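Below: one structure, written as structure tokens.
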Amino acid sequence: MAEVFADYKWAALFDDRGIFLEGLVTTLEVAVFALILALVLGVIFGIAGVFPKTWVRIINRIYVEFFQNTPLVIQAIFLYHALPHLHIMIPVTAIGILGVGIYSGAYMSEVFRSGINAVPRGQLESGLSQGFGYWQAMWHIVLPQARRTILPALGNQAIAIVKNTSVLAMIAGGDLMYVSDSWSGMNMYYGPAYLTTGIIYWVICFTMTKYVKRLEQKGAVG
Amino acid sequence: MITMNLVNKSFGHNHVLKDVTMEVKSGEKLVVIGPSGSGKSTMIRCINMLERPDSGTVVVDGKELTQPKAPLKAVRQEVAMVFQQFNLYPHMTVLQNLTIAPVLVQNVKKEEAAESAMKFLERVGLREKADAYPSQLSGGQQQRVAIARALNMHPKIMLFDEPTSALDPEMIQEVLDVMVELAHTGITMVCVTHEMGFAKQVADRVLFMADGEILEEGTPEHFFVNPQNERARQFLSKIIH
Amino acid sequence: MKLFGKKMMAAAGIVLLAAFTAAAAGCGGSSDQKAASSAVSADSAVQKIKDNGVLRVGVKVDVPLFGYKNPQTGQIEGFEIDLAKAVAKKIFGDENKIQMVPVTAKTRGPLLDNGEVDMIAATFTINEQRKQQYSFTNPYYTDPVGLLVKKSDNIHSLKDLAGKTIAVPQGATTRKAVEDAAKKEGITVSFAEFPTYSECKAALMSGRAAAYAMDQSNLHGYVDAETEILPDSFAPQEYGIAMKKDNAGFRDYVNQVLTDMKNSGEMDQLLKKWTLNK
């Protein structure tokens, strides 16, 4: 198995590091925007999940159940290969952001929903009785209190987003996983390629885990 | 000031309010009593639409709240509520609890809201607790803060939903004292309570509810001395030894 | 989350890295041993396969005529399958003592490396980079790269693809071949790589790519009423059977099988059988 990690393969990897860097940039780009999208969707649909009106809650369920129960890969392949037949050609980076963002948004909305549910009902009523609008009361009164239960789970979702961006490798998305596949497919130097790629993902996710833990500790004090 | 006409409300198969009709005049102090499960809490929560009646009308300060397009937020700013469980915002200081709604809902300047907040905290005897968090206060103190918070909205009507029921006995009086003092200001008050002493002391009128219906209504003198309704008599005999 | 303290996390990280390092180091050790024993002789290599009782071959299942799983019969069939069977027959005297492992362009290298298969007969193009890592037999087939395009796109030559995206399978030499050809034409094209051939075709049909480039024999399996193969063809790709680098003995053995087949006319018959004789 030594051949798999032969020195000349590492040298080739080093020479082509620019390719991997580009892939990493794409991965981070997609991850950041997908995270923002997922958070926005998570808040909106999370609140929809506890909304007084039944039809709003039904929309939340449809969204969550659909995206949680179909593989991300299929969603991405659908957006990439099928939508163009309907004359909708979304650029592949945008598919990464939309695909991963909407998919993770479903998970995040469940995080928000359960976090909101954990705040006593009286808090919302107290806000409403003071003349707050529903959304205003959510934003100023309920969500800040839900923060402590929500934050750790959100952190996990954010980390999942980074890993999930690798779905782009399936649709020629130019992300880190894709360039790793492409580069090693061309020269068969998959050993160094995948080990390096794995370590990069690990470092990113490990750093995020640390950061989330710090936030948590801060939240626990505040 | 408040008019309820033939209000009905059910939770599932449980018919909680049955054709409830009542009226509260401006400046009047109304005390609602009755056994638990009688619907009195639901009734008071219908006044500010925390519970939406299934049928009937609720009119507050001339606005019919049971209409689809009722100016709910505007009316709620005039109708402050004090809850059994206090419902202070635990992530805010006492002062922030008092100022958030005036600032965000009524567009009062922050300094103004804080200034009047301190005034009301003074009135409930908790000025020095302005920077404390609710969790650092006793139940009685929390409820007094909740009253100050309600007052800082400068409401026309104060609703009390069993404000002393969740309190340890030794803390009940400090809250009642604040409420009695408040009753002397001329504000309109509706108070659901089990505190008969308080009712006798401040009520202009007493409503007795049981099984979702108003069974007896009258001045405290009339009600406590000579109730006509059999259920009311039974209830009183159990409470007053 | 509280379960994993700071120290635990750090420790986990170290263990993970250590595992990687150990894996790499372990490999290093075994390589020294192998280097010492030098190339395995043909006899001992074949003996090892005999001991296993079956020849394990990595084959394609999605390339018609070469290695293709017939959806009607469920059998894997094709020119390369017959070649592999000929090798098995030579070793065991029984062409059915063969275990076929489906591979893709991406998985065939790793499957060889980790010893899951004895050899790869899967439209594996011989090139310098690969020869550095694997032992290849002499080529048994030469296939130029071609371009599949949609008829409605009005593309008639490689030149028309200037500035456009071309779908290629991951792990194939196609990309390099087309890149070089494009350079010669003085045009630039971009590439989208996909794990499977059918995804390449899907990308062509959805308009994600203007062409699907692959070995022509492969493309023939994907032509339909809406598509056509351009007359352009370039970079003839030589297919060889591949083994582990240090298994040159077995390579020589299989080379002999191929040569014998050529000399006896059996090879021509097979090519005719699979309509690959041009």
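Residue numbers (my numbering), protein chains in the order written: chain A, 639 to 860; chain B, 24 to 264; chain C, 815 to 1092. Ideal Cβ placement from N, Cα and C applies to all residues, glycine included. Because the structure is a prediction, the values reported are computed rather than measured.
- The alpha-carbon of Lys964(C) is positioned some 6 Å away from that of Glu1040(C).
- Residue state for His970(C) is assigned as coil, using DSSP reduced to three classes.
- Judged by their CB atoms, Val213(B) and Leu182(B) are nearer to each other than the 8 Å cut-off.
- Taking a C-beta distance under 8 Å as the contact criterion, Ala898(C) and Ala935(C) qualify as a contact pair.
- Residue contact check for Gly823(A) against chain C: a CB pair falls below 8 Å.
- Residues of chain A with a Cβ closer than 8 Å to the Cβ of Ala137(B) do not exist, since the nearest Cβ in that chain sits about 16 Å away.
- Interface with chain A (8 Å Cβ-Cβ cutoff): Leu205(B) is excluded.
- Interface annotation, Ala810(A): in contact with chain C, CB-CB separation under 8 Å.
- The segment 694 to 725 of chain A is shown to contain whole alpha helix (DSSP H) runs of 4 or more residues at 710 to 715, in chain order.
- The criterion of a C-beta distance shorter than 8 Å is not satisfied by Val117(B) and Pro125(B).
- By the neighbour-count definition (other C-beta atoms within 10 Å, threshold 16), Leu724(A) is an exposed residue.
- No Cβ of chain A is located within less than 8 Å of the beta carbon of Pro157(B).
- Each residue's CA atom was taken as its position, placing Ser260(B) and Gly162(B) some 29 Å apart.
- Per DSSP, Ser188(B) lies in no alpha helix (DSSP H) segment and is marked neither H nor E.
- Cβ neighbours of Gly892(C) within its own chain (closer than 6 Å, five residues either side excluded): Leu879, Phe880, Gly881 and Tyr882.
- For Ala732(A), the uninterrupted alpha helix (DSSP H) segment begins and ends at Val730 to Asn755.
- The beta-carbon of Ile180(B) is placed no less than 8 Å from the nearest beta-carbon of chain A.
- With three or more CB-CB distances shorter than 8 Å, the segment 673 to 687 of chain A counts as touching the segment 742 to 750 of chain A.
- From the listed residues Gly50(B), Gly57(B) and Lys86(B), the smallest Cα separation to His217(B) is found for Gly57(B).
- Under the three-state reduction of DSSP, Thr26(B) is assigned to strand.
- Shown in chain order are the members of the segment 84 to 102 of chain B whose Cβ falls below 9 Å from a Cβ of chain A: Leu95, Lys96, Ala97, Val98, Arg99, Gln100, Glu101 and Val102.
- In the structure shown, Lys920(C) adopts coil according to DSSP, grouped into three states.
- DSSP places Ile779(A) outside any beta strand (DSSP E), giving it a letter other than H or E.
- Think of a sphere of 9 Å around the beta carbon of Met746(A): no beta carbon from chain C falls inside it, the nearest being about 17 Å out.
- Between the alpha carbons of Ile980(C) and Gly793(A) lies a distance of about 38 Å.
- Counted as a single uninterrupted DSSP element, the alpha helix (DSSP H) harbouring Pro192(B) occupies residues Pro192 to Ala206.
- Interface annotation, Pro76(B): not in contact with chain A, CB-CB separation never under 8 Å.
- Neighbours of Glu763(A) across chain B, judged by C-beta separation under 9 Å: Arg68, Leu73, Met104, Phe106 and Asn110.
- In the DSSP assignment, Arg254(B) falls within the unbroken alpha helix (DSSP H) covering Glu253 to Ile262.
- If you check the CB distance, Asp234(B) and Val215(B) do not come in under 8 Å.
- Taking Met45(B) as reference, the option from Phe34(B), Ser59(B), Cys69(B) and Gly35(B) with the minimal CA-CA separation is Cys69(B).
- Three or more Cβ pairs closer than 8 Å define a contact, and the segment 810 to 820 of chain A meets that threshold against the segment 648 to 661 of chain A.
- With respect to chain B, the C-beta atom of Gly753(A) has no partner C-beta closer than 8 Å.
- When the five nearest sequence neighbours on each side are left out, the beta carbons in the same chain lying within less than 7 Å of the beta carbon of Lys86(B) are those of Ala93, Pro94 and Val98, in order along the chain.
- Among the residues of the segment 31 to 55 of chain B, none has a Cβ less than 8 Å away from any Cβ of chain A.
- Going by C-alpha positions, Pro76(B) is about 30 Å away from Gln783(A).
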